[in-house]
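First comes the structure, then the notes that go with it.
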Amino acid sequence: MQSCETPSVGIWWFYYDEVLFADSVAAENGLPYGECITGLSDHADFWEQLFEKGELNKLPLILQSEYFYIPRGRVVFHKDTSRFTILHGGLKKRELNKIRKFFCLSKELTDFDTDFHYKII
Numbered sequence: 096m097q098s099c100e101t102p103s104v105g106i107w108w109f110y111y112d113e114v115l116f117a118d119s120v121a122a123e124n125g126l127p128y129g130e131c132i133t134g135l136s137d138h139a140d141f142w143e144q145l146f147e148k149g150e151l152n153k154l155p156l157i158l159q160s161e162y163f164y165i166p167r168g169r170v171v172f173h174k175d176t177s178r179f180t181i182l183h184g185g186l187k188k189r190e191l192n193k194i195r196k197f198f199c200l201s202k203e204l205t206d207f208d209t210d211f212h213y214k215i216i
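All residue numbers in the sequence shown are consecutive under this note's numbering, ending with 216.
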C-alpha cells in the first residue's frame, strides 16, 4: 500500500484482496473531465505499460492477455460536490474500503458506484 499524503484519483486493478496495480495522481493534479477530475491514464494504455515493464508477471499467464480479466475501476473527484466516487464492477464493501484507503480517501467524502464498463467479461 502507498503512504497516504493527499487524496488521489486514477485507475486500479484489484486482485487477491489488494490493489495490485494502480495509476494514481493527487486529485489537484488530475485531468478535468466535465464536472469531474480523473486520473491521467486509461486502463488499456496503462496495461500496455505494465506489460512492457514485466509487471504483468505477477498474474497467472491466462490473466495477462487482457486488462479486463480482473476487477478494475476508477476513482474520480466531483468538483461540484467535493466528493470522490470509486467506480467499480461489483466489488464488496470490504474490498472497496481497501481501494478507498489506497487512494487516501476519507470515508465521509467517498461514494461507491457500479459501472458496466468495469464488469468482468
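Glycine residues also receive a C-beta, built at the ideal position from the N, C-alpha and C atoms.
For residue i, which of the options has the nearest alpha-carbon?
i, options, result
"GLU203", "PHE163, ASN124 and THR176", "THR176"
"GLY184", "ILE106, CYS99, GLU100 and PRO102", "ILE106"
"TYR164", "PHE146, PRO102, TYR213 and GLU100", "TYR213"
Can you give me the C-alpha to C-alpha distance between residue i and residue j, rounded to a whole angstrom?
i, j, result
"ALA117", "TYR110", "11 angstroms"
"LEU200", "GLN144", "26 angstroms"
"PRO166", "ILE157", "15 angstroms"
"THR209", "ARG189", "15 angstroms"
"LYS153", "GLY168", "19 angstroms"
"ALA121", "LEU191", "19 angstroms"
"CYS99", "ARG178", "17 angstroms"
"LEU43", "LEU182", "Beyond the ends of the chain as shown, which are 96 and 216, falls residue 43; an answer cannot be given."
"PHE211", "PRO155", "25 angstroms"
Which whole-angstrom value describes the C-beta separation of residue i and residue j, a residue pair presumed to lie in contact below a C-beta threshold of 8 angstroms?
i, j, result
"ARG195", "THR180", "Not a contact, Cβ separation roughly 11 angstroms."
"GLU113", "LYS193", "7 angstroms"
"PHE198", "SER119", "6 angstroms"
"SER103", "VAL171", "With a Cβ gap of about 11 angstroms, SER103 and VAL171 do not count as contacting."
For residue i, which residues in the same chain have their Cβ closer than 8 angstroms to its Cβ, ignoring the five residues on either side in sequence?
i, result
"GLU130", "HIS173, LYS174 and ASP175"
"LEU126", "ILE132, THR133, GLY134 and LEU135"
"PHE146", "GLN159"
"THR101", "ALA121, ALA122, GLU123 and CYS199"
Less than 7 angstroms between C-beta atoms, sequence neighbours within five positions excluded: which residues of the same chain meet that for residue i?
i, result
"TYR162", "HIS138, ALA139 and TRP142"
Please work out which residues of its chain come closer than 6 angstroms, Cβ to Cβ, to residue i, disregarding the five sequence neighbours upstream and downstream, and give them in chain order.
i, result
"LEU115", "TRP108"
"GLY149", "none"
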